[in-house]
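**Q** First, the structure itself, so that you have it in front of you.
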Amino acid sequence: GRVIGLIAIADAIRPTAKAAVAKLRERKIEVVMLTGDNAATAKRIAADLGIDSVLADVLPAQKAQKIKELQATGKKVGMVGDGVNDAPALTQANVGFAIGAGTDVAMESADVVLMKCDPYDIVGAIELSRATLRKMHQNLWWAVGYNAVAFPLAAGVFYPFVLSPEIAALSMSGSTLVVAINALMLKRTKLAGIRQAGSAAPAAPPDGKAKPQPAAA
């Protein structure tokens, strides 16, 4: 029995993974590694990525339970996965992120599908969702403020200050235009991670920080 060779198989850490973890932590988002790998391997990779919390040796059915336990503490949980084993956890999470190169089951179970195999796109997806929510709030408050002023004027509550039907119609059209333009301004939001189609993926810089990229048109 003489050893003549050795074959080792390992998943390489994606170039932007460390930068993605650093950016998430910068935004006060706790990052937890949830994996079926053994604890020694998981902790080594987590240390390379800058992840402090590791849940290793977790069976596929247990992943969803671990997420449920985190949710029971009042936390909102996002799960990133790409395999069949991740499907139950993706469904259980508040937001499930599936990698585009993953299995069909994972993508069907997720809420968000990242079309490129780039972990940094998770940062961009979160920023895009927050920017969208801000625009929704802005448009809602604009509509409430406009109606609170325009309706009483049109109804003659503040007579002799009234809005004629013509002015009221023009004002309503103008208000609708303001809302539409404000929503379109979302395309100018600077996002980290999400790039325009066809552009090359930037490698993670040595300091673990990536430059913001414009939102895809």
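Per this note's numbering, the very first residue in the sequence shown carries number 68; after that it's consecutive.
A virtual CB, placed ideally from N, CA and C, is assigned to each residue, including glycine.
These numbers were taken from a predicted model, which means no experiment stands behind them.
1) Quick check: what's the CA-CA separation for G72 versus I193?
2) Over what stretch of residues does the beta strand (DSSP E) that includes S120 continue unbroken?
3) Should the stretch 154 to 162 be called in touch with the stretch 117 to 134, which here means at least 3 C-beta pairs below 8 Å?
4) Taking only runs that begin and end inside the stretch 154 to 224, name each unbroken beta strand (DSSP E) of 3 or more residues, in chain order.
5) Report the rounded CA-to-CA distance for M146 versus F225, giving the unit in angstroms.
6) Quick check: what's the CA-CA separation for Q263 versus W209?
7) Residues in its own chain within less than 6 Å of V121 by CB, not counting five upstream and five downstream?
8) Distance, Cα to Cα, E136 vs K143?
9) Tell whether a beta-carbon distance below 9 Å holds between F228 and L237.
10) Just to confirm before moving on: does the CB-CB distance between A123 and G148 stay below 9 Å?
11) Would DSSP call V99 helix, strand or coil?
**A** This is what the structure gives:
1) Looking up residue 72 in the sequence shown gives position 5. Looking up residue 193 in the sequence shown gives position 126. Going from the Cα of G72 to the Cα of I193 covers about 46 Å.
2) Counted from its first residue, the sequence shown places residue 120 at position 53. Note, S120: beta strand (DSSP E), 120 to 122.
3) yes
4) 162 to 166, 179 to 181
5) Indexing the sequence shown from 1 puts residue 146 at position 79. Indexing the sequence shown from 1 puts residue 225 at position 158. The alpha-carbon atoms of M146 and F225 are separated by roughly 54 Å.
6) Locating residue 263 in the sequence shown gives position 196, counting from the first residue. Locating residue 209 in the sequence shown gives position 142, counting from the first residue. In this prediction, Q263 scores a pLDDT of 43, lower than 50, which makes its location untrustworthy; no coordinate-derived value is stated.
7) Here residue 121 refers to the residue found at position 54 of the sequence shown. Counting only Cβ-Cβ distances below 6 Å, and skipping sequence neighbours, we find M100, A109, K110, A113.
8) Position 69 of the sequence shown holds residue 136. Position 76 of the sequence shown holds residue 143. Cα-Cα distance, rounded: 11 Å.
9) Your numbering for residue 228 matches position 161 in the sequence shown. Your numbering for residue 237 matches position 170 in the sequence shown. No.
10) Translated into the one-based positions of the sequence shown, residue 123 becomes position 56. Translated into the one-based positions of the sequence shown, residue 148 becomes position 81. No, the Cβ-Cβ distance between A123 and G148 is not below 9 Å.
11) The residue given as residue 99 occupies position 32 in the sequence shown. Three-state DSSP puts V99 in a strand.
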